[in-house]
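Note that full-length UniProt numbering has the sequence shown beginning at 1, numbered continuously upward.
C-beta atoms are modelled at their ideal positions from N, C-alpha and C, and glycine is treated no differently.
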Amino acid sequence: MEDHLIIQLFFERSENAVVELSRKYGGLCRSIACKILNNREDAEECLNDALLAAWNAIPPERPDMLQPYICRIVRNLSLKRYHSNTAQKRNRQYDVILEEIADCLDSGRSVEEEILARELAGELNAFLKTLPGRDRVMFVQRYWYCLSILEIAENLHMTRNAVRVCLHRTREKLKQYLKQAERGSL
1 MEDHLIIQLF
11 FERSENAVVE
21 LSRKYGGLCR
31 SIACKILNNR
41 EDAEECLNDA
51 LLAAWNAIPP
61 ERPDMLQPYI
71 CRIVRNLSLK
81 RYHSNTAQKR
91 NRQYDVILEE
101 IADCLDSGRS
111 VEEEILAREL
121 AGELNAFLKT
131 LPGRDRVMFV
141 QRYWYCLSIL
151 EIAENLHMTR
161 NAVRVCLHRT
171 REKLKQYLKQ
181 AERGSL
């Protein structure tokens with residue numbers, strides 16, 4: 001079903017809106033939550049919470065693009081759950097992803113807080129627009145959708161080493177971009 005028709009179902013307050021949204025993007029959202037939380041039950045709860053949040057927000061909101069809208073909701077809910085779950089323990093897979101870009105973000109905030117602040121300010125979006133398409137896709141798959149190096153390599157028909165090198169270079173570019181932005185030279 002097309003996104004605009006699903007949104008129309010939300011505006012009609014049809015429960016089929018949630019069913020269709022889950023059918024179309026449930027797998028992707030579940031994958032994002034699983035990658036962050038490393039726990040299937042918690043991921044399923046976050047997906048259900050995201051669907052409820054969409055139900056409560058639409059209307060009055062009318063998202064321009066439904067996929068990023070629902071993915072952002074599930075990602076934010078998963079990050080909240082991640083913080084709650086990791087007060088005593090760590091999720092090694094997600095921590096590795098965060099550590100990769102931690103040196104690019106040199107404020108006193110945690111990496112997650114810095115990422116969210118940068119998203120709101122538009123810094124990362126502006127940086128991503130400067131990248132060639134393949135590099136942008138790789139960056140988003142790694143740091144937004146939390147895909148592994150192997151998954152990205154398979155998606156883009158590249159070697160794992162080529163993906164690692166490209167991501168490393170992109171992080172270096174990001175670091176320089178953010179330094180320039182701090183100095184106000186962008």
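By the Cβ test, the segment 119-135 is not in contact with the segment 64-71, since fewer than three Cβ pairs between them sit closer than 8 Å. Within its own chain, the residues whose Cβ lies closer than 8 Å to the Cβ of T170, once the five positions on either side in sequence are excluded, are L131, D135, M138 and F139, listed in chain order. The Cβ atoms of V163 and L156 lie closer than 9 Å to each other. Close CB contacts of A53 within its chain, under the 6 Å cut and outside five residues either way in sequence, are with I73 (chain order). Ranking P60, K35, Q176 and R160 by CA distance to the CA of N76 puts K35 first. It is roughly 11 Å from the alpha-carbon of S14 to the alpha-carbon of I58. For the pair Q141 and L150, the CB atoms are not nearer than the 9 Å cut-off.
With a 10 Å radius around the Cβ and a threshold of 16 neighbouring Cβ atoms, F127 comes out buried. With a beta-carbon spacing of about 10 Å, L37 and S84 fall beyond the 8 Å limit used to define contacts.
The DSSP-derived three-state label of M138 is helix. Exclusion of the five residues before and after L21 leaves I6 as the residues of its chain whose Cβ lies within less than 6 Å of its Cβ. If you draw a straight line from the Cα of R81 to the Cα of E41, it comes to about 12 Å. Assigned with DSSP and collapsed to three states, D64 falls in coil, not helix or strand. Exclusion of the five residues before and after Y25 leaves L66, Q67, I70 and C71 as the residues of its chain whose Cβ lies within less than 8 Å of its Cβ.
I58 sits in coil when the DSSP states are folded into three classes, being neither helix nor strand. Going by DSSP, H157 is part of no alpha helix (DSSP H) at all; its letter is neither H nor E. Residues of the same chain with a CB within less than 8 Å of the CB of L9, apart from the 5 flanking positions on each side, are N16, A17 and E20 in chain order.
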